[in-house]
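A.B. asks: Residue numbers (my numbering), protein chains in the order written: chain A, 24 to 635; chain B, 73 to 288.
All C-beta atoms in this analysis are idealised placements derived from N, C-alpha and C, irrespective of residue type, glycine included.
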């Protein structure tokens with residue numbers, strides 16, 4: 024590419040703003056997404072601590088918190104009920120849309136896709152920049168909802184109408200709950216902005232993977248992390264527009280007097296609502312048609328990351344590459360057919376519920392294929408217990424724990440009892456939230472050297488892992504028992520009913536575990552920030568990995584590859600090939616130079632094993 | 073036997089197998105040797121179909137709620153502003169004009185390409201004006217956004233379609249400037265084809281909306 028010389032040239036020409044702020048370089052954009060998401064993770068984490076403060080010690084007085092959140096606490100320091108609901112809503116919204124989606128898809132997707140397929144950048148670098156720069160405005164709009172009349176929305180991250188739809192323009196607050204006022208509108212606008220950002224991102228990812236793969240990089244030679252990002256982008260492209268439609272219609276209902284979701288004859292606070300003729304269940308269908316693919320948007324990229332880490336740090340080829348790709352695609356396809364399992368208690372026809380149960384349980388098959396392949400990859404592997412590897416193994420554990428409770432909840436008869444209890448909270452915090460978080464941490468420990476050219480501290484990383492792993496189980500496992508005992512989610516006080524009073528000890532334990540879990544993340548923050556500036560310099564390929572990104576400099580320069588694009592000759596998982604001189608053979612090494620152990624070679628090897 | 077090399081500077085050779093027909097191109101399409109003779113798929117051609125996919129899902133969501141809502145007992149259909157027949161014809165005409173533009177582009181007749189692209193753009197603007205007129209007529213008849221469910225859906229669907237069509241006009245204006253200025257017929261089509269795919273999709277989408285709003 025003559026462009027390369029231009030690109031190298033350009034790097035000197037670009038000012039600070041164009042290089043690091045309004046950058047069109049996929050690596051900078053990926054890092055921007057990552058940093059912003061980590062900031063939002065801190066915000067969402069603090070909100071989680073507030074939730075646990077209230078649930079552990081309902082009605083207690085918190086002097087310091089009152090000072091930090093002046094609007095959310097009464098004069099004597101108790102958390103206000105409507106602020107509690109706002110905190111629950113914002114914790115979910117932030118963690119799902121503004122942390123996990125943006126970090127895993129926006130952060131790793133941007134950074135890794137062009138590097139792993141041997142491209143110089145995304146197909147549409149300018150659109151990529153726009154994608155990132157829609158994200159901070161969405162955050163500003165979202166967080167602004169804390170400061171408007173009525174405060175942040177409190178209809179939950181699912182924003183079910185009519186609670187989220189009814190709005191009193193005169194006071195700026197909601198009819199049924201204060202947070203359903205202007206705060207809810209800001210929440211909706213913020214999501215709409217973010218959806219446009221995701222649309223730009225996924226358009227770019229798909230086009231880049233289809234168009235810009237380097238010589239020899241067939242789809243069957245792409246690393247699993249790239250397959251996962253590619254499939255996730257398709258999921259996002261086809262599911263987020265549905266939420267966009269729902270958001271537009273809900274905004275119309277709130278501000279323009281339409282009645283898409285508000286039924287006739289609704290009486291709220293002794294007042295007859297003027298809307299008529301809508302159906303609130305339509306929102307639930309639209310929301311969950313996005314909502315369920317969304318949880319796979321969160322979990323597929325970690326699945327790819329974990330597949331990569333297990334192979335690299337276990338020094339073994341991934342077990343069942345083709346089955347891994349097929350199961351990614353199967354999970355993505357099935358994820359569009361299961362949304363009804365979130366609505367078993369909505370008065371759904373039992374026959375329809377049964378159909379959704381069947382599709383839901385069918386997802387267990389490709390998920391189990393993946394889990395077995397991960398375990399088989401670990402079988403007799405020469406495991407290097409790096410922090411990345413620990414988090415990857417932790418991911419498998421969390422995914423299995425959470426996946427098993429998913430089988431309970433997928434059955435309508437059981438779900439009718441468990442719906443909206445802490446059992447569900449435990450389930451999704453294991454299978455989706457914590458597992459995705461472990462994928463995020465594992466990926467950060469693994470690719471940090473490539474992103475920043477420095478190594479993170481391993482001892483702190485291991486300490487971070489063990490405290491987080493134990494902290495997650497201590498926090499979320501007891502929630503299963505809370506749920507089985509009937510404790511509902513989203514309630515201000517878990518002790519408002521007699522039958523729940525006996526659970527206060529368990530709730531206190533969960534809260535203490537959650538505080539410990541939160542504090543453990545400070546170790547990560549310290550390690551991350553310190554390593555950015557003080558970490559030892561990383562070599563190009565510190566983990567001795569095969570994929571293309573590790574064959575570039577750390578960090579890769581603008582344009583990624585010197586004058587010539589790399590040429591790919593083999594699949595990405597040639598680790599510990601018998602007879603090879605080293606225990607890894609990068610994808611760029613020709614077949615004649617070293618044999619291929621798996622995947623498709625360029626041509627039948629002309630040499631036997633011993634001569635390699 | 074040479075030792076395994078880890079250099080990136082492997083010279084490309086004709087015998088490198090596994091080369092995807094569309095791979096090996098840098099962001100500007102100059103990164104590798106595109107296979108000669110095969111019509112290159114450009115990023116824009118792929119992206120436009122992805123965009124069409126996303127917009128299809130968006131309207132599937134809008135219209136699935138419409139179709140569900142229509143099944144209820146209190147449903148009634150609002151008046152059909154006659155100008156919509158005209159705008160439908162205008163939009164169909166614009167798609168025909170756009171095909172004319174592409175025919176000229178295929179033959180390398182850049183002047184004809186420019187003329188027909190301009191005609192398409194003007195017909196697109198006329199369609200939008202007609203849609204606005206339909207809205208004015210409905211308002212004059214006392215049919216507002218919040219009057220009854222059908223009117224809500226009518227304004228929502230025509231508005232969403234109109235916004236996407238306004239984006240299409242932006243794309244057409246880009247094509248009017250860039251396509252006739254291209255050096256070759258293929259380069260002109262690289263600009264015109266994605267715009268045409270998007271525009272024809274919007275025409276088809278309007279027919280679908282028109283039918284479900286009033287005919288079925």
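1) Indicate the three-state DSSP secondary structure (helix, strand or coil) for residue 196 of chain A in the structure shown.
2) Looking at chain B, which residues of the segment 216-248 of chain A have a Cβ within less than 9 Å of any of its Cβ atoms?
3) Among A:132, A:195, A:538 and A:118, which residue has its Cα nearest to the Cα of residue 162 of chain A?
4) Suppose the cutoff is 8 Å on Cβ atoms and the five residues either side in sequence are ignored; what does the same chain contact list for residue 554 of chain A look like?
5) Check whether the segment 179-187 of chain A touches the segment 221-230 of chain A, taking contact to mean three or more Cβ pairs, one atom from each stretch, closer than 8 Å.
6) Can you tell me the Cα-Cα spacing of residue 191 of chain A and residue 203 of chain A, whole angstroms?
7) How many angstroms separate the CA atom of residue 430 of chain A from the CA atom of residue 152 of chain B?
8) Just reading off the alpha helix (DSSP H) that residue 363 of chain A is part of, what are its end residues?
9) Evaluate the contact criterion for the segment 135-143 of chain B versus the segment 158-173 of chain B: three or more CB pairs, one atom per stretch, below 8 Å.
10) Does the distance from the CB of residue 236 of chain A to the CB of residue 351 of chain A come in under 7 Å?
11) Scan the segment 249-273 of chain B for residues whose Cβ lies nearer than 8 Å to a Cβ of chain A and list them as they occur along the chain.
12) Taking all protein chains shown into account, decide if residue 246 of chain B is buried (16 or more other Cβ within 10 angstroms of its Cβ) or exposed.
13) What residue range does the alpha helix (DSSP H) around residue 466 of chain A cover?
14) Can you pull the chain B residues whose beta carbon is under 9 Å from the beta carbon of residue 490 of chain A, in chain order?
15) Please name the residue or residues paired with residue 2 of chain A in a DSSP beta bridge.
16) When you compare the CB of residue 118 of chain B with every CB in chain A, is at least one pair closer than 7 Å?
17) Return the residue from the list A:535, A:509 and A:599 that minimises the CA-CA distance to residue 525 of chain A.
18) For residue 218 of chain A, which of A:288, A:275, A:121 and A:292 has the nearest alpha-carbon?
19) Considering only residues of the same chain and omitting the five flanking positions on each side of residue 115 of chain A, which have a CB-CB separation below 6 Å?
20) So, residue 258 of chain A versus residue 355 of chain A, is the Cβ gap smaller than 7 Å?
21) Got a sec? Which residues, its chain only, sit under 7 Å from residue 653 of chain A by beta carbon, not counting five neighbours each side?
22) Against chain A, does residue 137 of chain B count as a neighbour if the rule is that its beta carbon must be under 7 Å from one of theirs?
23) Would the segment 515-534 of chain A count as touching the segment 461-468 of chain A if we require 3 or more Cβ pairs under 8 Å?
24) Does the Cβ of residue 544 of chain A have 16 or more other Cβ atoms within 10 Å, making it buried, or fewer, making it exposed?
25) Starting from residue 279 of chain A, find everything on chain B with Cβ-Cβ shorter than 7 Å and list it in chain order.
26) Identify the contact partners of residue 141 of chain B in chain A, using a Cβ-Cβ distance below 9 Å as the criterion.
27) Using a Cβ cut-off of 9 Å, pull out every chain A residue sitting near residue 238 of chain B, in sequence order please.
28) In chain A, what lies closer than 7 Å to residue 235 of chain B by C-beta?
29) Comparing C-alpha positions only, which one of A:334, A:349, A:361 and A:199 sits nearest to residue 285 of chain A?
30) Flag residue 149 of chain B as yes if its beta-carbon sits less than 7 Å from any beta-carbon of chain A, otherwise no.
31) State whether the segment 391-411 of chain A contacts the segment 341-351 of chain A, with contact taken as three or more CB pairs (one from each stretch) at a distance under 8 Å.
32) Quick check: is the beta carbon of residue 264 of chain A nearer than 7 Å to any beta carbon in chain B?
33) Using a Cβ-Cβ cut-off of 7 Å, state whether residue 177 of chain B counts as contacting chain A.
34) Going along the chain, which residues of the segment 36-56 of chain A sit with their C-beta nearer than 8 Å to a C-beta in chain B?
35) Using a C-beta cutoff of 7 Å, does residue 41 of chain B count as contacting chain A?
C.D. replies: So, to answer that:
1) As a working mapping, residue 196 of chain A is identified with position 173 in the first chain. DSSP places residue 196 of chain A in strand when its eight states are reduced to three.
2) 222, 225, 226, 227, 229, 230, 231, 233, 234, 235, 236, 237, 238, 239, 240, 241, 242, 243 and 244
3) Within the first chain, the letter at position 139 stands for residue 162 of chain A. Of the listed residues, the one whose Cα sits closest to residue 162 of chain A is A:118.
4) Within the first chain, the letter at position 531 stands for residue 554 of chain A. Closer than 8 Å at the Cβ level, and outside the excluded window around residue 554 of chain A, lie 471, 475, 477, 478, 479 and 480.
5) no
6) Here residue 191 of chain A is taken as the residue at index 168 of the first chain, counted from 1. Here residue 203 of chain A is taken as the residue at index 180 of the first chain, counted from 1. Put simply, the backbone Cα of residue 191 of chain A is about 9 Å away from that of residue 203 of chain A.
7) To locate residue 430 of chain A, count along the first chain from 1; it is residue 407. To locate residue 152 of chain B, count along the second chain from 1; it is residue 80. In a straight line, the C-alpha of residue 430 of chain A is about 51 Å away from that of residue 152 of chain B.
8) By one-based count along the first chain, residue 363 of chain A stands at place 340. Here residue 363 of chain A belongs to no alpha helix (DSSP H), and DSSP marks it neither H nor E.
9) no
10) In the first chain, the residue the question calls residue 236 of chain A occupies position 213. In the first chain, the residue the question calls residue 351 of chain A occupies position 328. The answer is no: Cβ separation not under 7 Å.
11) none
12) For the purposes of this step, residue 246 of chain B is taken as residue 174 along the second chain, with counting starting at 1. Exposed is the call here.
13) By one-based count along the first chain, residue 466 of chain A stands at place 443. Unbroken alpha helix (DSSP H) run through residue 466 of chain A: 458-475.
14) If you number the first chain from 1, residue 490 of chain A lands on position 467. Neighbours of residue 490 of chain A on chain B: none; closest Cβ ~38 Å, over 9 Å.
15) The first residue shown for chain A is 24 and the last is 635, placing residue 2 of chain A beyond what the model contains.
16) Reading the second chain from its first residue, position 46 is the one you call residue 118 of chain B. Chain A, which has a Cβ nearer than 7 Å to the Cβ of residue 118 of chain B, makes this yes.
17) Taking the first residue of the first chain as 1, we reach residue 525 of chain A at position 502. Closest option to residue 525 of chain A, Cα to Cα, is A:509.
18) Along the first chain, one-based indexing puts residue 218 of chain A at 195. Answer by Cα proximity: A:121.
19) Indexing the first chain from 1 puts residue 115 of chain A at position 92. Closer than 6 Å at Cβ, skipping near neighbours: 180.
20) One-based indexing of the first chain puts residue 258 of chain A at position 235. One-based indexing of the first chain puts residue 355 of chain A at position 332. A contact, by the Cβ cut-off of 7 Å.
21) Residue 653 of chain A lies beyond the range of chain A shown here (24 to 635); nothing can be said about it.
22) Looking up residue 137 of chain B in the second chain gives position 65. Taking Cβ atoms only, chain A reaches closer than 7 Å to residue 137 of chain B, which makes this a yes.
23) no
24) One-based indexing of the first chain puts residue 544 of chain A at position 521. It counts as buried.
25) To locate residue 279 of chain A, count along the first chain from 1; it is residue 256. Ordered by position in chain B, the residues that pass the 7 Å Cβ test against residue 279 of chain A are 217 and 218.
26) Numbered from its first residue, the second chain carries residue 141 of chain B at position 69. Residue 141 of chain B reaches chain A at 283, 300, 301, 302 and 305, counting residues in chain order whose Cβ is nearer than 9 Å.
27) Here the question's residue 238 of chain B lines up with position 166 in the second chain. In chain A, no part has a C-beta under 9 Å from the C-beta of residue 238 of chain B; the shortest such distance is about 16 Å.
28) For the purposes of this step, residue 235 of chain B is identified with residue 163 of the second chain, where counting begins at 1. At a beta-carbon threshold of 7 Å, none of the residues of chain A lie near residue 235 of chain B; the nearest stands roughly 10 Å away.
29) Counted from its first residue, the first chain places residue 285 of chain A at position 262. Each of A:334, A:349, A:361 and A:199 was checked against the Cα of residue 285 of chain A, and the nearest Cα belongs to A:199.
30) The residue labelled residue 149 of chain B in the question sits at position 77 within the second chain. No, residue 149 of chain B lies away from the interface with chain A (no Cβ there is under 7 Å from its Cβ).
31) Counting C-beta pairs with one atom in each stretch, the segment 391-411 of chain A and the segment 341-351 of chain A have three or more that are closer than 8 Å, which means they touch.
32) Taking the first chain and counting its residues from 1, the one referred to as residue 264 of chain A is at position 241. Chain B, which has a Cβ nearer than 7 Å to the Cβ of residue 264 of chain A, makes this yes.
33) What you label residue 177 of chain B is simply residue 105 of the second chain in a count that begins at 1. Judged by the 7 Å Cβ criterion, residue 177 of chain B is not in contact with chain A.
34) When C-beta distances to chain B are compared with 8 Å, every residue of the segment 36-56 of chain A stays at or above that value.
35) Residue 41 of chain B is absent from the model: chain B starts at 73 and stops at 288.
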